[in-house]
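Everything in the sequence shown is counted per our numbering, starting at 12 for the first residue and increasing by one.
Where is the CB? At the ideal position from N, CA and C, for every residue including glycine.
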Amino acid sequence: MANRRNAPSLLLYASHFLVLTSFPAHSQEADSGGEKRTRVILGPQLSPSWPGADKYSVGPYVDVSRTRDSEFAFEAPDESFGSPLIKSGNFAFGPALGFIGKRKASDVGADLPKVGLSFEVGAFGQVHLTPELRVRLEGRKGLSGHKGWTGEVSADYVARQGDDWLFSIGPRVTLGDTKYTRAYFGVTPTAALTSGLP
């Protein structure tokens with residue numbers, strides 16, 4: 012495969028998660044007249060080892076949320092790490108941090124370029140179109156590893172009963188620029204000849 016894509020690519024992916032430990036911490040603040048609650052979730056998260064991988068790796072799942080006199084805000088398990096800095100009505104905006112594990116030629120089983128551990132920084136914006144429907148956009152720049160631009164567009168339907176139970180479902184689309192796409196899916200003519208792949 013000598014061809015490389017020069018336009019941004021659309022990649023569909025799914026992430027899976029499992030949370031083992033969740034515990035609330037409560038504190039009372041007299042000056043505000045309301046109870047502040049903190050939720051800390053620690054556990055493993057099962058996800059593809061890198062974009063396009065056919066095997067999964069276990070990584071940490073960490074979430075810290077705070078609220079006062081209301082239910083905890085919905086967060087999808089595949090969101091990047093970050094908290095809203097700006098909230099206005101149903102809209103929120105803030106930083107987004109992410110990482111993707113490294114990929115070696117031995118991981119693929121062919122002579123393909125190595126992609127180092129990718130640390131990504133960027134931002135997100137999200138809006139609740141209705142109490143049950145949220146749309147979110149993320150954009151991040153790889154500071155290492157793939158060194159490209161990537162992001163996600165997602166929509167979630169959320170059904171919940173306060174903090175007693177919550178169910179969400181929705182589509183995701185991952186976007187990547189040329190650098191991102193070439194890092195994980197590009198194959199040079201030389202690598203194609205020596206890979207041994209059909």
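By the Cβ neighbour-count rule, A170 is exposed, with fewer than 16 other Cβ atoms within 10 Å of its own.
With a 10 Å radius around the Cβ and a threshold of 16 neighbouring Cβ atoms, S99 comes out exposed. Shown here, T199 sits in coil according to DSSP, grouped into three states, outside any helix or strand. Counting along the chain, D118 sits inside the alpha helix (DSSP H) bounded by residues A116 to V119. With respect to the 9 Å criterion, F85 and L108 are not classified as neighbours on the basis of their beta carbons.
A direct Cα-Cα distance of roughly 14 Å separates L144 from A103.
Under DSSP, the beta-bridge partners assigned to F178 are A170. Secondary structure at L204: helix, using DSSP grouped into helix, strand and coil. According to DSSP, E82 shares a beta bridge with no other residue. The criterion of a C-beta distance shorter than 9 Å is not satisfied by P95 and G133. Residue environment analysis places V198 among the buried positions, since at least 16 neighbouring C-beta atoms fall within 10 angstroms of its C-beta. Between the segment 146-163 and the segment 185-193 there are three or more C-beta pairs closer than 8 Å, enough to call the two in contact.
Under DSSP, D74 takes part in a beta bridge, and its partners are I52.
Nearest to S155 by alpha-carbon distance, out of I111, D167, E82 and S179, is I111.
For A87, the secondary structure class from DSSP, reduced to helix, strand or coil, is coil. For the set P142, P55, K190 and L204, the Cα lying nearest the Cα of G153 is the one of K190. In this structure, the beta-carbon distance from A87 to S179 falls below 9 Å. Looking at H139, G159, Q56 and T78, the one whose alpha-carbon comes closest to that of S68 is Q56.
Listed in chain order, the non-local C-beta contacts of R114 below 6 Å within the same chain comprise W61 and V126, local neighbours out to five positions each way being set aside.
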